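In my numbering, the protein residues as written are 1 to 387. Each residue gets a CB set at the ideal place from its N, CA and C atoms; glycine is no exception. Since the model is a prediction, treat every value here as computed from it, not as a measurement. Comments concern the structure below.
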Ligand SMILES: *Cc1c(COP(=O)(O)O)cnc(C)c1O
């Protein structure tokens, strides 16, 4: 059985994690949140990305709320978000009393389409908040151009794109602020909850730091400059993330190679009802590997019979969710998001997946698309190994 989510993600780091728990737990300082380990972790991410500030916080969702609050998004404002994807971009906007406006996605790249986003701009639009999804970064140069021309704020939901880069700029640094999520399944996931805000703007960084801890500025407790949040970060996880950081690039590279191998093996299956994601490395962060399958349920069942786990990310576009329907015009249509919601299927992608398993998964997908015609492909795999 090849699980979709690996149960042994942190196995190699297990002993180190226990040692970290012991050392934080017995540290005479008895500081469990926002201590020196959190500060060191923020510094390490700041150096890696070249951001002016990185603020660790409670989750990727928490990071989005901090960014929206810090940029003054509130009652009556509209924020353009993707129609397909996870709930947090729309939910954090709605939680501030603002209105998420859903823009359709590109039918193949599956990230929000800049033309659809621009068409959704009204006189009340305050910000654009594209998200990078399905391992593909949104077209940030175009979003930056739209934001400039239309006088809008540009915020980047880069929660799952940490380590990705587009035109030399890291994911998270295209807009005024970006976010990362450290929840287990993300590329830099941890053994718990966490997130970060990244920004080139030191003033915005200071505002986010204040909002992270109930509007206090760090120099004086119980002086609340703004209505803030509890979005603080844990010292054990800060130390664990510092411990995992040196291996991050290598794990990302392994993910990229597996994805490239899959895309190479699936490139000719379009006519057989299976579409691989767009090829290439530019503007990618290999978080999941997502196919578009005309017979998705058939493919998922075929994979399950062969012992391969798969997963449907986002079976419904957000405007069709009960929580968000009130924000979506009744006559609204998001055809690309609706089609992708019916067809997307993700297959296993994690760094410690062996070459043999990667080849087996690819063979299994091909066998479904082209029954009886996959033996020949199997022989060719040796010259195109995943490593
Ligand atoms: C995971 C994710 C979030 C939320 O991050 P959490 O840490 O789970 O709160 C937000 N946006 C996107 C695109 C994500 O993938």
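Can you have a look at residue i and say buried or exposed, based on whether 16 or more other CB atoms are within 10 angstroms of its CB?
i	result
residue 380	Model confidence at residue 380 stands at a pLDDT of 41, short of 50, so the residue's coordinates are unreliable; what they give is reported in the following sentence. Residue 380 should be labelled exposed.
residue 221	exposed
residue 330	exposed
residue 352	exposed
residue 153	buried
residue 18	exposed
residue 3	exposed
residue 230	exposed
residue 140	buried
residue 209	buried
residue 382	In this prediction, residue 382 has a pLDDT of 39, which is less than 50 and means its spatial position is unreliable; nothing more can be read from the coordinates.
residue 150	exposed
residue 195	buried
residue 372	exposed
Counting only beta-carbon atoms, is residue i nearer than 8 Å to chain D?
i	result
residue 159	In the structure shown, chain D cannot be found, because there is only a single protein chain.
Identify the residues that DSSP records as bridge partners of residue i: which are they?
i	result
residue 101	80
residue 165	170
residue 53	199
residue 155	177
residue 2	308
One question on the structure: do residue i and residue j come within less than 8 Å of each other, judged by their Cβ atoms?
i	j	result
residue 263	residue 344	no
residue 350	residue 7	no
residue 128	residue 110	no
residue 101	residue 155	no
residue 234	residue 20	no
residue 79	residue 63	no
residue 135	residue 287	yes
residue 294	residue 166	no
residue 181	residue 273	no
Candidates the options: which alpha carbon is nearest residue i's?
i	options	result
residue 219	206, 86, 231	206
residue 392	368, 271, 223	Shown here, the chain extends from 1 to 387; a query on residue 392 therefore has no answer.
residue 46	297, 199, 107, 5	199
residue 37	107, 356, 314, 23	23
residue 14	190, 231, 209	190
residue 226	211, 119, 138	211
residue 403	123, 157, 84	This structure cannot settle anything about residue 403, because the visible part of the chain is limited to 1 through 387.
residue 309	348, 251, 62	348
residue 76	42, 124, 91	124
residue 179	35, 157, 193, 341	157
residue 336	281, 326, 292	292
residue 184	168, 240, 177	240
residue 104	31, 333, 12, 295	333
residue 327	232, 252, 81	81
residue 363	278, 89, 266	266
Where are the beta strand (DSSP E) runs, 3 residues long or more, that stay fully inside the region 257 to 325, in chain order? Every beta strand (DSSP E) of 3 residues or more that sits fully in the region 257 to 325 is shown, in chain order, as 289 to 293.
May I have a chain-ordered list of the alpha helix (DSSP H) segments no shorter than 4 residues that lie completely inside the region 323 to 356? Contiguous alpha helix (DSSP H) elements confined to the region 323 to 356 occur at 335 to 343, taking only those with 4 or more residues.
Hey, which unbroken runs of the alpha helix (DSSP H) at 4 residues or more fall wholly within the region 188 to 258? Qualifying alpha helix (DSSP H) stretches, in chain order: 202 to 212, 235 to 244.
Extract the residue ranges of the alpha helix (DSSP H) inside the region 110 to 147, only unbroken runs of 4 or more that lie entirely within it. Those alpha helix (DSSP H) runs which fall completely within the region 110 to 147 and span 4+ residues are 114 to 119.
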